[in-house]
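**Q** To start, I am sharing the structure in question, which I have written as structure tokens.
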Ligand code: GUN
């Protein structure tokens, strides 16, 4: 069994990005600039945005965080988005999700100029992804593909089971895994909460990508010998072992599943660090006008 070290790969990719940024700056171009809108004080969102700001520093990017209380109106948020859309200094921006219930998340996503949508959530980016056109790829699926690629894990012709059908992970990673590409070219089955006999699908899988948000869902009896298991789960559970009072639990019963695997990602330290790096990569591509010309 080989552990997929997302932290190590993320550090390598950040160094690659930082080198690229210094080259741009040496050529007289401005540093990439990522902005984030953060609404309210959700612990998870605060942590994610803090990690994104730190990653920007490590990559040599400029970053801006625009904060609102959770009483912000939809109109105020739409106004902030319009300003960022029009701001030539901002190459890309994100609106950290989830948003308070009184705000229509889809409306917010669609208000972001798709050319600055470094989250890859806008329907234009999602649509372009599904037909294999250049686009901003959403961060977690992109991070997973980067890990599979860097570890040379064979995906061509592999049976890949994706657990979960979310717009952020399940659907886009299924699209990427079936695309004519390396990594890609897999036979993909998407299972979800209404799938019958999930375990049977999993037992036939060469690659399982678990993105359900149910801690410990994938158990050893569901995994065939020599499979690759990618764990996207990051459920926060209370813990007395950590300073923060919680720890992250993956969707995979790691202890019992790992011995059967060829490759497996740990939680934390697997997919998580790659997600933020993918956002950095998208911001670099936005600054370079590499996907959509400036
Ligand atoms: N909330 C959880 N994951 C994400 C993400 O990738 N982007 C944004 N904007 N919000 C999130």
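Numbering (the numbering used here), first residue to last: 1146 to 1439.
Here a beta-carbon is modelled for each residue, glycine too, at the ideal position from N, C-alpha and C.
1) Grab the span of the alpha helix (DSSP H) containing residue 1193 for me, first residue to last.
2) Would the beta-carbon of residue 1262 be found less than 7 Å away from any heavy atom of ligand 1?
3) So is residue 1426 buried or exposed if we call it buried at 16+ other beta carbons inside 10 Å?
4) On a CA-only basis, which of 1205, 1202, 1311, 1301 is nearest residue 1333? Give me that one, please.
5) Is it buried or exposed for residue 1353, if we count other Cβ within 10 angstroms and need 16 for buried?
6) Based on Cα-Cα distance, which residue from 1433, 1437, 1438 lies nearest to residue 1168?
7) Tell me the DSSP bridge mates of residue 1409?
8) Are at least three pairs of beta-carbons, each pair with one atom in the stretch 1364-1374 and one in the stretch 1338-1351, less than 8 Å apart?
9) Applying the 10 Å Cβ sphere with the 16-neighbour rule, what's the burial state of residue 1227?
10) Would DSSP call residue 1285 helix, strand or coil?
11) Any contact of the stretch 1175-1191 with the stretch 1210-1225, i.e. 3+ C-beta pairs under 8 Å?
12) Can you give the Cα-Cα distance for residue 1402 and residue 1260, rounded to whole angstroms?
13) Does the beta carbon of residue 1160 fall short of 7 Å from some heavy atom of ligand 2?
**A** On the basis of the supplied data:
1) 1188-1204
2) no
3) buried
4) 1301
5) buried
6) 1433
7) 1148, 1374
8) yes
9) exposed
10) helix
11) yes
12) 41 Å
13) Because ligand 2 does not appear in the structure shown, any question about it cannot be addressed here, the ligands present being ligand 1.
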